[in-house]
Amino acid sequence: MIEKTVQCPKCSKIIACSGNPGDVVKVTCPQCGNEGKATFKKTIPTNDMAIEVSNLRKLYGDLVAVDNISFSVKTGEVFAFLGPNGAGKTTTVEIIESIRSPTAGAVKIFGKNISTSFNAVKAKIGVLPQEFHSFELLTVRETLIYFSKLYDKRADIDEIIKIMDLASHKNMLYKNLSGGLKQRVGVAISLVNDPEIVFLDEPTTGLDPKARREVWGVIAGLKKKGKTVFLTTHYMEEAEHLADHIAIIHKGKIIAEGTLEELIEKYGTGSTLHIKKCRDANAIEMLKERGYNVKSEGNGDISIKIDYKERVLEILSNLRYDCVDYDSIDIRQSNLEEVFLNLTGAKLSEEPA
Amino acid sequence: MKPRIVVTDFVASMKGWSRSRGTIFWSIVFPVMLILIFGAIFSGTDNPTYTLQVQDLDNSTWSHTYLDNLKNISVLKIEIIPADKNITDYIKENDLRGALVIPEGFGEKVNQSFYDKNASVNLSFYYDPSDQGATSVVRSILASSLQETNLFLTGGHHVIGMDQVSTITKKFKYIDFFIPGMIGFTVMQLCIYGSIERNTKYRKDGILRKLQTTPITRTEWILAKMLFMLFLSFFSTAIAVIIGILVWGVVFNINIWMISIIIATSFLFSGLGMIIGRFVKEEETADTAAGAISFPMMFLAGTFFPLEQMPAALQAFAKILPLYYVNEGLRNSMINMDFGKAALNGGIVIIFAAVFFIVGVILTKWKED
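Those protein sequences? They're chains U and E, same order as listed. Using this note's numbering, you'd call the opening residue of the first sequence number 1 and step up by one each time. Using this note's numbering, you'd call the opening residue of the second sequence number 1001 and step up by one each time.
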């Protein structure tokens, strides 16, 4: 038996109800008497593996694009495959989607080996390929209908249009849509068969910050609906913002894997206090004498490692006591960029394509 | 194989086609335009009045009789060149494309022919070889008038002679010749470029990768696309036939050979497009490659002009081009009603189609390397 809450569409009262997976339960609002239904989805236990990749290897001649990688994706999580351009992300995801063949290794989706049972898996996955552009002369709605009719099991197209906030554009030709809308349509296409796993390959590349946020909203919505999302990206903020689990790939190898917190804990440098334009030449020496881990960042900027948050007040008091003059301060948390820097010696955003 | 999926893809292709100005232009406007333009340019050849300049150097009763015979030919308007003029200078000065000279002693030789079977005389027909249209028609008319005259004079014995003329102008009006060629050319263009678009643009746009992850099979997809290409081929054929009938009064014969040849042509050039699309990955380069193949073929395979007007080496080369057999097959089935030749041409087109289409299908892959 599962317990959940629903909101009355009439008076907004939150109502508790319970049912078994797959049940549709009648609910009556105790406040206004409005009657409605609550659906209990057939959920798969979250510890089940949606995707299992073992010893995957892909060679293009002498070039090793994917170098013996193994990882797994749990059902219901957003899995971010993070890495710079050319790291092997798309090759890996396209092998999982059966668009490419591996040189060695195996991929299982819901326990089925895709090299022998991919046709059985097709109905359970939805794919947005990298740099996907749909049929230019079909409208948004016609495009969704086209792709949905390829499947036996289909989601409600109007519902997808609503979820993706495409209602006002549904009769527009695909070619006339903006980049952000095209990506939203791409994601919508990947949902037409109500898939259990959604693969999104670099869904926000080339989009402006506003459009990127819109796509993030859509991906967050997929997670809420219980979908497993396999997201490849080279934007660390995207992985930080969306992912439950992150694998960092570099030069064909997975160099780190875990939750955001685990990665920062393991490979980050903790929090840092940054002092901008410090005008006292002896400030670094004075702070070092007091036992702080201090580093010059150039142009008078100083960074001080913080072990615990109370240290910030302590440092600021000392600076005041020593009459050190500066422009401003800020506290920076460790992030994936720093994790990547620590792991590879290069910034993720500066890695060559 | 799920018919629902095939129909879905066919309907989507139809919607895209009906909204694309480019494909509408190439499948309807362009062939109609060419039929109207070429028809208008050569329409004078249908019920013509050709001006023929004649210089009578004999000025005898027989030369006058022959001139009167020529004047009675309704399509000829006879103009006389004074006998004292130098014919080559006169032609040059007056920019004439053709002139007939009745030589001195013409009447005497004709009279002689009544008792001397070896007596003969040759008229001289001066013509501009670059003007294949009008001059060849005039030569053809002269040849047949000479035949009549010889028949009248001696019961068929050769008295008055002239050069041989091309047989092709005797057989067709130009528009009869042109429209089947135009149909073959249009079907070729639609199928090659349509096929290339699917195999290069769809690959670049990730549509083929996307389809690889859906339940549609390659067979269903190719079948749907071929149904669409057949629709386009027959649609553009119908437009050409309707324009031919309504505007130029052409009488076409619609028969199983013509239909078979159009179906085979669609498969043939769709297969060729698949092959090009497989080896030339970029859309723009693929278009150029298609143009490099289809445009020379259009000119060399007797689409616009009879093969007989080309040098012998090019005529031999044309016979290895599939479009030549398409054009000939369509002419033999639609215009000449020579079904034996149509069957032969159609058979060759079907063999070409089988080879190109099978190779094209084998080479068409959705999966990336």
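Note that the Cβ used here is the ideal one computed from N, Cα and C, for glycine as well. No experiment lies behind these values; they were computed from the predicted model shown.
* Asked: Per the contact definition of three or more C-beta pairs closer than 8 Å, is the segment 125–144 of chain U in contact with the segment 174–189 of chain U?
  -> yes
Residues of the segment 217–231 of chain U with a CB closer than 8 Å to any CB of chain E: list them in chain order, please.
-> none
Measuring only between beta-carbons, confirm whether E/V1359 sits less than 8 Å from chain U. no
### Query
Comparing alpha-carbon positions, which option in E/W1221, E/A1289, E/T1303 and E/D1338 lies nearest E/W1257?
E/D1338
Simplified DSSP state of E/F1152, which is helix, strand or coil:
helix
Fill in: Contacts around E/L1300, its chain only, beta-carbon distance under 7 Å, and the 5 residues preceding and following it disregarded
L1314, F1317, A1318 and L1321
E/I1216 versus chain U: which residues are under 7 Å apart at the beta carbon?
L150
Q) For the alpha helix (DSSP H) that contains U/F40, what are its first and last residues? A) U/F40 -> no alpha helix (DSSP H), and no H or E assigned at all.
For E/D1205, decide whether its Cβ has a neighbour in chain U, counting only Cβ atoms nearer than 8 Å.
yes
Q. Who are E/N1122's beta bridge partners in DSSP?
A. E/G1161
Query raised in the report: Does U/P45 have its Cβ less than 8 Å from a Cβ in chain E?
Result: Annotation note: pLDDT 48 at U/P45 (below 50); position unreliable, coordinate value reported separately. No, its Cβ sits nowhere closer than 8 Å to a Cβ of chain E.
Could I get the ranges of all uninterrupted alpha helix (DSSP H) runs contained in the segment 77–162 of chain U, with 4 residues as the minimum, in chain order?
89–96, 114–122 and 140–148
Practice prompt. Can you tell me which of the three DSSP states U/L263 falls into?
Written response: helix
| task | Quick one: residues in its chain with C-beta nearer than 8 Å to the C-beta of U/C11, no 5 flanking neighbours on either side, listed in chain order? | result | C29, Q31, C32 and N34
query = Grouping DSSP H, G and I as helix and E and B as strand, with all else coil, what is U/S178?
reply = coil
Does the beta-carbon of E/M1001 have 16 or more other beta-carbons within 10 angstroms, so that it is buried, or is it exposed?
exposed
Take U/A87 and list the residues in its own chain whose beta-carbon comes closer than 6 Å to its own, dropping the five residues that flank it on each side. I249 and H250
Pick helix, strand or coil for E/R1021, following the three-state DSSP scheme. helix
**Request:** Label U/C323 either buried or exposed according to how many other C-beta atoms from any shown protein chain fall within 10 Å of its C-beta, with 16 as the threshold for buried.
**Result:** exposed
(request) Taking C-beta pairs closer than 9 Å, name the residues in chain E that U/V312 reaches, listed in chain order. (result) None at all; the shortest Cβ gap to chain E is about 49 Å.
- I think E/G1039 touches E/V1241, with their Cβ atoms under 8 Å apart; what is that distance to the nearest whole Å? Between E/V1241 and E/G1039 the Cβ distance is about 13 Å, and since that is not below 8 Å, they are no contact.
Of all Cβ atoms in chain E, is any one closer than 8 Å to the Cβ of U/L191?
-> no
Could you tell me the distance, in whole angstroms, from the CA atom of E/T1167 to the CA atom of E/N1122? Note that E/T1167 scores a pLDDT of 33, beneath 50, so its modelled location is shaky and nothing firm can be said.
| query | Would you call U/Y60 buried or exposed, if buried means 16 or more other Cβ atoms sit within 10 Å of its Cβ? | reply | exposed
Beta carbons nearer than 7 Å to chain U: which residues of the segment 1185–1197 of chain E have them? none
Quiz item: Residues bridged to E/Y1050 by DSSP?
Solution: E/L1076
Beta-carbon within less than 7 Å of U/S54's beta-carbon, same chain only, minus the 5 sequence neighbours each way: which residues are those?
S70, G105 and A106
Q: Sort U/V185, U/V73, U/N193 and U/L150 by Cα distance to U/I161 and report the nearest one.
A: U/V185
Check this for me: beta carbons of E/C1191 and E/G1273, under 8 Å apart or not? yes
Going by DSSP in three states, E/Y1127 sits in which element: helix, strand or coil?
strand
query: Per DSSP, U/F71 is paired with what?
result: U/V53
field: Whole-angstrom distance between E/S1266 and U/L260, CA atom to CA atom
entry: 57 Å
Compare the beta carbon distance of U/F118 and U/F230 with 8 Å and say whether it is the shorter of the two.
no
Exercise for the section: Spell out whether any CB of chain U is found under 8 Å from the CB atom of E/Q1212. Expected result: yes
Notebook entry, point to check: Going along the segment 1002–1033 of chain E in order, which residues come within less than 7 Å of chain U, judged by CB to CB distance?
Noted result: R1004, I1005, T1008, A1012, K1015, G1016, R1019 and S1020
* Alpha carbon to alpha carbon, what distance is there between E/S1140 and E/T1169? -> Here the model assigns E/T1169 a pLDDT of 37, short of 50, so the residue's position is not dependable and the matter cannot be decided.
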